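Sequential numbering of the sequence shown, starting at 66, is according to my numbering. The C-beta atom is built at its ideal place from N, Cα and C for all residues, glycine as well. Since the model is a prediction, treat every value here as computed from it, not as a measurement. Single-structure report; data block below.
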Amino acid sequence: MKRLQILLVILLFPILAVAQFGKNKVQYTNFHWEYLQSEHFDVYYYPGAERLAEFVADVAESSYVSLRSDFRYDLVDRVKIIVYKSHNDFEQTNVSSGQPEESVGGFTEFFKNRVVIPFEGDFEQFRHVIHHELTHAVSMQMIYGAGVQSIVMGMMRFQIPLWLAEGLAEYESLRWDTESDMYIRDAALNGYLPPIRAMYGFMNYKGGQNVLYYIAQKYGRQKIGEILGKIKINKSVERGLKQSIGIGEKDLSKRWHKYVKKQYWPDIADRLEPEDFAKKMTDHVKYQNFINNSPSLSPRGDKIAFLSNKSDYFDIYVMSAIDGKMLGRVVKGQQTMNLEELHWLKPGITWSPDGREIAFSAKSGARDALHIANVRKRKIVKTYKINLDGIFSPTWSPDGKFIAFSGIKNGESDLYRLNLKTGKLTNFTNDIFSDLEPRWSPDGKKLVFISDRGPYVNSSSLPENFKIQNHNYSNHDVYVYDVPGDSIARITKTKFTERDPTWSPDGQKILYVSDKNGIFNLFVHPVHSDTTYPITNVLTGVFQPSWVGDKLAFTTFYNGGYDIYLMQNPGDIKPGDIHLKDTEFIKKLKKGKVLLATTYRKLKEEPVRKLPGKSGENYRHFVFGRDFQKNVFKQASKKAKNVFLDSTQYKSASGEYKTHPYRLKFTPDLVYGNAGYSQFFGVQGSTVLSLSDVLGNQRIDIYTNLFYDLRNSDYQFAYYYLPRRVNVGIGAFHYAYFFATGWNTIIRDRNYGGSLYLSYPFNRYQRLDFSSTFLGIDRRDLYYDRILYRRRVLVSGLSYVKDTAVWGWTGPENGMRANISVTFSPKVWKHSMDFKTVRLDYRKYIRLKKGYTFAYRIAGGASFGRNPQKFFLGGMNNWINLRFKGGLRIDNADDVYFSSFETPLRGYDYYEQIGTRFFLTNFEIRFPFIRYFIMGTPPIFLQNIRGTLFWDMGSAWENDKAFRFFSKTPFGNLRLDDVLGGYGFGVRIFLGYFLVRFDTAWKTNIATTSRSPRYYLSLGAEF
């Protein structure tokens, strides 16, 4: 055990900065924060998001009314909501250390009860996210209590499964809806609906939502809150279910599956699969991907441009609309700054009238940009940087002079037109309403679009003091904007959702998608008629139509993924040819047997009732810490109620929210400590304290491990400043390490100093890192009480990092990673060191097919100067059953603190070769080994066990040695000389929280191979 601790010291000592990777979070904007308060919530915002903050405060309070009624629980602490006016700004948040991806619509940070959300142009979507995330905040506070200690202790005892946590958030924010209905119908009809316990990925959201919807339909909606209450008391989902609805998870799963089959299997007789009426152009099963969408037919109708993630990245492809042949990848996305995100959730690709170019929007650094790509040359030829918060759904005018799109600016989503020649931007609809998905008419005079504006076709007709939160923004209809007349006409007026409008080739019909019968189908509206009729009757849903000539391309979700289909002669379908039957959900909705979440937007607060129970005890105000683990509950102090405000405290006399400047205040993220006292050893104990402000922009980490006195203890302090483009970190540290020598004595190394860290990200994928550390080392023989070694060193390093890798289950599986670094230590003081070190680490991952990757790595380095650094070659990183060639090298302190281990070189021990120069190459083929492993006795279930075949080769040598790569055996055969080689195979498996690697390797010089292998048990991801 002692050897392992010493090795960890050597490997992890902070100044030895080996190659580091990872994508970057770039702070493009200097936000100036303010906040407003409502009764239960603090809403943080910055200039331009004032109206969004008011919307959030009102919707949050309305959502809490619904949650309070369902859960029968009162909040005991305020919830902080941090609002960003775009997803681009949201991706700069420091509340979470990771960068939110495009698919993340918001998140809840449990320990400090913070909700972080962006506005993405649609107020109904915004409401959904607010309610979804507040469900997390309220339910977690209900179950685990308020405060870091309570939550940490509670989650150590038990954790809510994802299907319940995410399903509950979806159910509370949506109840049930046609899109959720589509996902479950598809899973039921195509046979991939999992048992509750085996839910995964997106099914945690929609499957969990449907389970709770089933419980509400079967047992009553009040059972949802009762289940949560029983879970809180029992700290068990299984016992919570049994005590509330009388059955456990296994029986619930069986009954739910039976319910789903009854609901959806009859649909097969009344509706069509997409291939029954259209030609399948992409195949997500064959591609082993999820998204193929945004089809756009070329002006001649012979090509289809579309978006796909079949390469693991989102790219734009072009295929033949005649035979489906793939014509090539026009745009390669998600690997450069200009194409960080291609808006796959709100896609839009449009062709130039001559069919030579396509236009699309993408995240390009701080903002979205409009790109134009030449299809034949397969490259971007023009980029328009536009000062908007978001750009979506571009559409090229028939005369080729303009591109119209939906743009977001300061919480408003309007229709814009860009003059391609002059760059002039015109705002067509400058109001609060969400105007989305525009498409030019064939004559170039009109734009059809979707909006939540209701009857307000003219913004001048808005009532005084109009607020969008008091408007029915959940309803989306089709509208037409007349460009020459600067006027808007309403086309549809339904209670259902309309989306994805476009025009027929002759401009006499408007085609759009509607869920009128509970399924998203295509409908036609003749422009000179009041009639509307369907032209599809699909099982799941149809989206994003593109109509050119006698061809209609569209996207469908079917069999667990999105694909593109091509329909012939859609104009031949007449009114009355297709009759749509309502889904079971729509039938119940029309009869008033189910409720939508939007029903709750205007609910007035009502008294919260107690849950019935034998004890009759009100447990709404319980907070949990140590008592939580002991099944001892206590009510929160009455002081907790004082954190909530009266309306006179947060609103002015005129009814407007009061605003407050943001003030820096540190609060705990993590607190852990223990302490003791011994008459022999004095005070002993350890402390971990992590602090940050509300926005996560400034952080403080403190660690102490006290033993006897300060000279024999470990302690460190670090401060991070993160709100600007350059990330800054400073720190101070002191560590004491003890080594037993071969002379029956103990030596102690005291390491102390300070560090400065700077990181400048160029974009998401590239950055420049700088670090400088002053390090003092004193080695003392404790038996003779004498100094054996002393160093005073200034070590600085500069590194360039690039990372475009896509991660799989056990490591990167596509893309590349590179690190080029220079480390130097000048001779400043008497006990300083003098060295300069350069390093290169390049890693490439080639996807052979889904789950199969060829990975290779090329690394090398050289150290110069009077005291060059040493490279120790051999072994495996994080090696548990470790072995050393010649024993552990602790006699020379320079080797302990100024050297680096170069791994993996399997087949060999640590210290197999030592030098001031090295190179190391690794080649691996990674593949699925065992997808599922189930044993009856003992009951063992394992999944996603990965395998690898590898070849490692490298060498370390001194500068003055003549290096020989190859030599010949006495028989004339070629063999490795100064180079070491090893090959073998391994498996990787997750056991609990740890990724465990087991490798079997043989050493070889090509001419001969070792008879017996070496075995490596180690932890961590693959390189």
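From this set, Gln1008, Asp734, Thr1065 and Leu604, which residue's C-alpha is nearest Leu754's C-alpha?
Asp734
DSSP-derived helix/strand/coil call for Gly1085
coil
So, Asp380 versus Gly398, is the Cβ gap smaller than 7 angstroms?
yes
If Ala1086 and Arg971 are in contact, beta carbons under 8 angstroms, what's the gap, nearest whole angstrom?
That pair is no contact at about 16 angstroms.
Short Cβ contact (7 angstroms threshold) for Ala1072 with Thr1034:
yes
Cβ separation of Val302 and Leu229, assumed to be a contact under 8 angstroms, to the nearest whole Å
6 angstroms
State the Cα-Cα distance for the pair Asn1009 and Gly272, rounded to the nearest angstrom.
22 angstroms
Cβ neighbour criterion (16 or more within 10 Å) applied to Ile473
buried
With contact counted as at least three CB pairs below 8 angstroms, one residue from each stretch, are the segment 795 to 815 and the segment 829 to 847 in contact?
yes
Hey, out of Leu132, Thr94 and His201, whose CA is closest to Ser151's CA?
Thr94
Check for me: the alpha helix (DSSP H) holding Glu231 runs from which residue to which?
Leu227 to Leu239
Report the CB separation of Tyr481 from Phe493 in whole angstroms; it is logged as a contact under 8 angstroms.
7 angstroms
Can you tell me whether Thr200 is helix, strand or coil according to DSSP?
helix
Which one or two residues does DSSP pair with His799 in a beta bridge?
Tyr780 and Tyr817
Lys667: buried (16+ other C-beta within 10 angstroms of its C-beta) or exposed?
Residue placement at Lys667 cannot be trusted, given a pLDDT of 38 that sits under 50; the coordinates are not used to answer.
Taking the alpha carbon of Pro788 as the point to measure from, which residue in Arg116, Leu117 and Thr158 has its own alpha carbon closest?
Thr158
If you reduce the DSSP assignment to three classes, tell me which class Val697 lands in.
Summary for Val697: the model assigns pLDDT 34, below 50, so the residue's position carries little reliability; its value from the coordinates is reported in the next sentence. Looking at Val697 - three-state DSSP - the assignment turns out to be coil, as it is neither helix nor strand.
Would you report the Cα separation of Gln573 and Ala438, rounded to the nearest angstrom?
30 angstroms
Indicate the three-state DSSP secondary structure (helix, strand or coil) for Pro339 in the structure shown.
helix
At what residue ranges does the segment 894 to 972 contain a whole run of the beta strand (DSSP E), taking only runs of 3 or more?
900 to 914, 917 to 929, 935 to 938 and 964 to 967
When we look at the beta-carbon of Leu604 and count the other beta-carbons within 10 Å, is it buried (16 or more) or exposed?
buried
Close beta carbons around Ser506, own chain, < 6 angstroms, minus the five adjacent residues each side:
Trp568 and Gly572
Would the beta-carbon of Phe184 fall within 7 angstroms of that of Gly476?
yes
Going by DSSP in three states, Gln609 sits in which element: helix, strand or coil?
strand
Verify whether the separation of the beta carbon atoms of Ala122 and Ser103 is less than 7 angstroms.
yes
Could you check if Arg776 is buried or exposed, using at least 16 other CB atoms within 10 Å of its CB as the buried criterion?
exposed
For Phe622, which of helix, strand or coil comes out of DSSP?
strand
For Tyr665 and Ser128, what's the separation of their Cα atoms in angstroms?
Reliability of the predicted coordinates at Tyr665 is poor, the pLDDT of 38 falling under 50, and the value obtained from them is presented with this limitation in mind. Distance between the alpha carbons of Tyr665 and Ser128: 7 angstroms.
Count the other CB atoms, across all protein chains shown, that sit within 10 Å of the CB of Thr415; report buried if there are 16 or more and exposed otherwise.
buried
For a quick check, are the C-beta atoms of Ala343 and Leu631 less than 7 angstroms apart?
yes
Between the segment 290 to 300 and the segment 135 to 149, are three or more C-beta pairs nearer than 8 angstroms?
yes
Leaving out five residues before and five after Ile356 in sequence, what residues of the same chain have Cβ atoms less than 6 angstroms from its Cβ?
Asn374, Trp409 and Tyr627
Where are the beta strand (DSSP E) runs, 3 residues long or more, that stay fully inside the segment 541 to 611, in chain order?
542 to 547, 552 to 555, 563 to 568, 574 to 579 and 586 to 591
According to DSSP, is Ser886 part of a helix, a strand, or is it coil?
strand
CB contact flag (Ala125, Val148, <7 angstroms)
no
Express the C-alpha separation of Gly1049 and Tyr248 in angstroms, rounding to a whole number.
44 angstroms
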